[in-house]
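S.K.:
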Amino acid sequence: MSPGLHTKPAVVKAASTLLAEMKDVASSLTYAALLTDDGFDVARLPGETDGARFAGMASSMQALGDAVAHELKIGTSEYIIIASGKGYVVQLRVPGQELVLSALFDNDATIGSALAIARTYAQKMAELLK
Amino acid sequence: MAEHVILFAGPMGAGKSTAIQSLSDIDVVRTEANNSERHIVDKATTTVALDYGEILIDGEEKVRLYGIPGQKRFDFMWGILKTRARGMVLLVNNDAPDPVAEMLYFIDEFRDLYDRGGVVVGISRSDLVDGPTLADFSDALERTNPDLVIPVFTVDPRERDQMVDVLLTLVVNIEMREALGATMAAAL
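Residue numbers (the working numbering), protein chains in the order written: chain H, 1 to 130; chain S, 1001 to 1188.
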């Protein structure tokens, strides 16, 4: 049995570095988190926030998205977007890993640009973990 | 046609998903993720949002079955699911470090459901350990919650017949309390 990714210092460090890079590229990014499929916080930005509760919620949302896609027979859920008057949450799985990236962008971003950035960094995280 | 919404609560590994799978007439909606806490409960996957199933009892009463994730970090889901339920099957695995304390913790967390409908307790995995007896669970309930009437069973969540008995006990309990409430209201 292998312990969760949140317990591996190298993964936590890579995740923190990646989120910092993401913020450098996208000033509209106001919160981001990497979390395990079963709801453990791996890293978050800003780093000083308590990510435990959000990690649980984001993992539930990811699993519900997968369940809805399965129910409606549309394959697997590729990403989830929550749009509100103050911004967008974009969430997707890190390809090939039991990890989820969830990112909040303010209204300076468009949904398209927010999704493109989130996809790029989910892919980068996957490459870092290869 | 009467309808009930029943919550299946209890700690990780108690058998909530298995119980809903055993009972449901429809394909169960599952939200499983690989379990990173196998040092705590050694099972491959764990529920991270909810399980959902349905069963028709006596050919006319539809019972909607919702399972919660057992870990405290998912307690936001407990709040969401609690609001729609009218009763609770509380499953506790007897091979947990302190199963009586687990039962009392969940009774306390989901006390609303007793007040709104009813609760039954099912103790699972009793055959695997020399854990507390049913009397130990009942005594603890009586000591801490003397005003509550909560049946306690030994169950194997894999056995549909056993789970149907537990569910029917709960449904009858809820309906009797509803009928008593209506009678008392009419008398006032």
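By construction, the Cβ of each residue, glycine as well, lies at the ideal position given by its N, Cα and C atoms.
#1: To which residues of the same chain is GLU98 of chain H closer than 7 angstroms at the C-beta, ignoring the five residues directly before and after it?
#2: Roughly how many angstroms lie between the CA atoms of ALA58 of chain H and ALA1033 of chain S, to the nearest whole one?
#3: Among the residues of its own chain, which have a CB less than 7 angstroms from the CB of LEU1190 of chain S, if the five just before and after it don't count?
#4: Using 8 angstroms for Cβ pairs, my map puts PRO1157 of chain S next to LEU1091 of chain S. What's the rounded Cβ distance?
#5: List, in chain order, every chain S residue whose beta-carbon is nearer than 9 angstroms to that of ALA67 of chain H.
#6: Using the rule of at least 16 other Cβ atoms within 10 Å of the residue's Cβ for burial, across every protein chain shown, is ASN107 of chain H buried or exposed?
#7: Work out the CA separation of PRO95 of chain H and LEU115 of chain H for me, nearest whole Å.
#8: Please say whether ILE1174 of chain S and HIS1039 of chain S have beta carbons closer to each other than 8 angstroms?
#9: From which residue to which residue does the alpha helix (DSSP H) around ARG1085 of chain S run?
#10: With a threshold of 8 angstroms between beta-carbons, can ARG1064 of chain S be considered close to chain H, or not?
#11: With a threshold of 7 angstroms on Cβ separation, who are the neighbours of PHE1106 of chain S within its own chain once the five nearest residues in sequence on each side are excluded?
#12: Can you give me the C-alpha to C-alpha distance between THR120 of chain H and LYS86 of chain H, rounded to a whole angstrom?
#13: Please report whether the beta-carbon of ASP37 of chain H lies at a distance below 8 angstroms from any beta-carbon of chain S.
#14: Take VAL1099 of chain S and list the residues in its own chain whose beta-carbon comes closer than 8 angstroms to its own, dropping the five residues that flank it on each side.
#15: Which residues bound the alpha helix (DSSP H) around VAL25 of chain H?
#16: Looking at the structure shown, is VAL1119 of chain S part of a helix, part of a strand, or coil, going by DSSP?
#17: With burial defined as no fewer than 16 other Cβ atoms inside 10 Å of the residue's Cβ, what is the status of MET1 of chain H: buried or exposed?
#18: Taking 8 angstroms as the threshold (beta carbon to beta carbon), is SER1024 of chain S in contact with chain H?
#19: Going by DSSP, name the residue or residues bridged to LYS1062 of chain S.
#20: Taking beta-carbon pairs under 7 angstroms, can you tell me which members of the segment 1076 to 1102 of chain S lie near chain H?
#21: Give the DSSP bridge partners of ARG93 of chain H, in chain order.
#22: Taking the beta strand (DSSP E) that ALA32 of chain H falls in, what are its first and last residues?
#23: When the Cα of ILE1026 of chain S is compared with those of S:THR1144, S:LEU1065, S:MET1012 and S:ALA1182, which residue comes out closest?
#24: For VAL90 of chain H, I'd like the list of residues in its chain whose CB is within less than 6 angstroms of its CB, leaving aside the five on either flank, ordered along the chain.
#25: Quick one: what does DSSP say ASN1034 of chain S is sitting in, helix, strand or coil?
#26: Taking only beta-carbon atoms, is ARG1073 of chain S less than 8 angstroms away from chain H?
#27: Of all Cβ atoms in chain B, is any one closer than 8 angstroms to the Cβ of SER102 of chain H?
#28: Give a yes or no on whether 8 angstroms exceeds the smallest Cβ distance from SER1036 of chain S to chain H.
#29: Beta-carbon separation of ALA1044 of chain S and THR1031 of chain S under 8 angstroms?
#30: Ordered along the chain, which non-local residues of its own chain (more than five positions away) have a Cβ less than 6 angstroms from that of GLY56 of chain H?
#31: So which residues of chain S does PHE105 of chain H contact, with C-beta pairs closer than 9 angstroms?
#32: Would DSSP call PHE1137 of chain S helix, strand or coil?
#33: What is the C-beta distance between MET125 of chain H and LEU101 of chain H, in whole angstroms, given that I count them as a contact (C-beta under 8 angstroms)?
#34: How would you write the range of the alpha helix (DSSP H) that LEU115 of chain H sits in, first residue to last?
M.R.: Taking the coordinates as given:
#1: On the first sequence, residue 98 of chain H is found 98 positions in, with the first residue counted as 1. These residues qualify, in order along the chain: LEU5, THR36 and ASP37.
#2: In the first sequence, the residue the question calls residue 58 of chain H occupies position 58. In the second sequence, the residue the question calls residue 1033 of chain S occupies position 33. Whole-angstrom Cα-Cα distance: 12 angstroms.
#3: Outside the displayed span of chain S (1001 to 1188) sits residue 1190 of chain S, for which this structure offers no information.
#4: In the second sequence, residue 1157 of chain S corresponds to position 157, counting from 1. In the second sequence, residue 1091 of chain S corresponds to position 91, counting from 1. Sure, about 7 angstroms apart at Cβ, within 8 angstroms.
#5: As a first step, residue 67 of chain H must be located in the first sequence, where it is residue number 67. By Cβ distance, chain S contributes VAL1029, ARG1030, THR1031, ALA1049, LEU1050 and TYR1052.
#6: Counted from its first residue, the first sequence places residue 107 of chain H at position 107. By the 10 Å Cβ count, ASN107 of chain H comes out exposed.
#7: Here residue 115 of chain H is taken as the residue at index 115 of the first sequence, counted from 1. Here residue 95 of chain H is taken as the residue at index 95 of the first sequence, counted from 1. Distance between the alpha carbons of LEU115 of chain H and PRO95 of chain H: 15 angstroms.
#8: Residue 1039 of chain S sits at position 39 when you count from the first residue of the second sequence. Residue 1174 of chain S sits at position 174 when you count from the first residue of the second sequence. Cβ atoms of HIS1039 of chain S and ILE1174 of chain S: not closer than 8 angstroms.
#9: Counted from its first residue, the second sequence places residue 1085 of chain S at position 85. Strictly speaking, residue 1085 of chain S in this sequence is Ala, with Arg absent from that position. Taken as a continuous stretch (DSSP letters only), ALA1085 of chain S belongs to no alpha helix (DSSP H), as it is neither H nor E.
#10: The residue labelled residue 1064 of chain S in the question sits at position 64 within the second sequence. It does not; no Cβ of chain H falls within 8 angstroms.
#11: Taking the first residue of the second sequence as position 1, residue 1106 of chain S is located at position 106. Cβ within range, chain order: ALA1009, GLY1010 and LEU1090.
#12: Within the first sequence, numbered from 1, the residue matching residue 120 of chain H stands at position 120. Within the first sequence, numbered from 1, the residue matching residue 86 of chain H stands at position 86. Looking at the two C-alpha atoms, the distance is approximately 23 angstroms.
#13: As a first step, residue 37 of chain H is located in the first sequence; it is residue number 37 there, counting from the start. With 8 angstroms as the cut-off, ASP37 of chain H counts as an interface residue toward chain S.
#14: Within the second sequence, numbered from 1, the residue matching residue 1099 of chain S stands at position 99. This sequence places Pro at residue 1099 of chain S; Val is not what is there. Answer for PRO1099 of chain S: VAL1092, ASN1093, ILE1123, GLY1131, PRO1132 and PHE1137, listed in chain order.
#15: To locate residue 25 of chain H, count along the first sequence from 1; it is residue 25. Note, VAL25 of chain H: alpha helix (DSSP H), 9 to 25.
#16: As a position in the second sequence, residue 1119 of chain S is number 119, starting the count at 1. Looking at VAL1119 of chain S - three-state DSSP - the assignment turns out to be strand.
#17: Along the first sequence, read from residue 1 onward, the residue named residue 1 of chain H stands at position 1. Here the model assigns MET1 of chain H a pLDDT of 42, short of 50, so the residue's position is not dependable, and the following value carries that caveat. Label assigned to MET1 of chain H: exposed.
#18: Within the second sequence, residue 1024 of chain S is the residue found at index 24, counting from 1. No - not a single Cβ of chain H is within 8 angstroms of the one on SER1024 of chain S.
#19: Residue mapping note: residue 1062 of chain S aligns to position 62 of the second sequence, counting from 1. Partner(s): S:GLU1003 and S:LEU1056.
#20: PHE1076 and MET1077
#21: Sequence index remark: in the first sequence, residue 93 of chain H carries index 93 (1-based). Note: ARG93 of chain H sits in a beta bridge opposite H:VAL100.
#22: Start at 1 with the first residue of the first sequence, and residue 32 of chain H comes out as number 32. It spans 29 to 36 - the beta strand (DSSP E) in which ALA32 of chain H sits, taken as one unbroken run.
#23: In the second sequence, residue 1026 of chain S corresponds to position 26, counting from 1. For ILE1026 of chain S, the nearest C-alpha among the options comes from S:LEU1065.
#24: Translated into the one-based positions of the first sequence, residue 90 of chain H becomes position 90. ILE81, ALA103, ALA114, LEU115 and ALA118, listed in sequence order.
#25: Here residue 1034 of chain S is taken as the residue at index 34 of the second sequence, counted from 1. Looking at ASN1034 of chain S - three-state DSSP - the assignment turns out to be strand.
#26: The residue labelled residue 1073 of chain S in the question sits at position 73 within the second sequence. Answer yes: the Cβ-Cβ gap between ARG1073 of chain S and chain H drops below 8 angstroms somewhere.
#27: Any reference to chain B falls outside this structure, whose protein chains are H and S.
#28: As a position in the second sequence, residue 1036 of chain S is number 36, starting the count at 1. Yes - at least one Cβ of chain H is within 8 angstroms of the one on SER1036 of chain S.
#29: To locate residue 1044 of chain S, count along the second sequence from 1; it is residue 44. To locate residue 1031 of chain S, count along the second sequence from 1; it is residue 31. Going by C-beta atoms, ALA1044 of chain S is not nearer than 8 angstroms to THR1031 of chain S.
#30: On the first sequence, position 56 is the one that residue 56 of chain H refers to. Correct list, in chain order: GLY39.
#31: Start at 1 with the first residue of the first sequence, and residue 105 of chain H comes out as number 105. Neighbours of PHE105 of chain H on chain S: none; closest Cβ ~23 angstroms, over 9 angstroms.
#32: Start at 1 with the first residue of the second sequence, and residue 1137 of chain S comes out as number 137. PHE1137 of chain S falls in the helix class under three-state DSSP.
#33: In the first sequence, the residue the question calls residue 125 of chain H occupies position 125. In the first sequence, the residue the question calls residue 101 of chain H occupies position 101. Contact holds; Cβ gap of about 7 angstroms.
#34: As a first step, residue 115 of chain H is located in the first sequence; it is residue number 115 there, counting from the start. Per DSSP, LEU115 of chain H belongs to the alpha helix (DSSP H) from 111 to 128.
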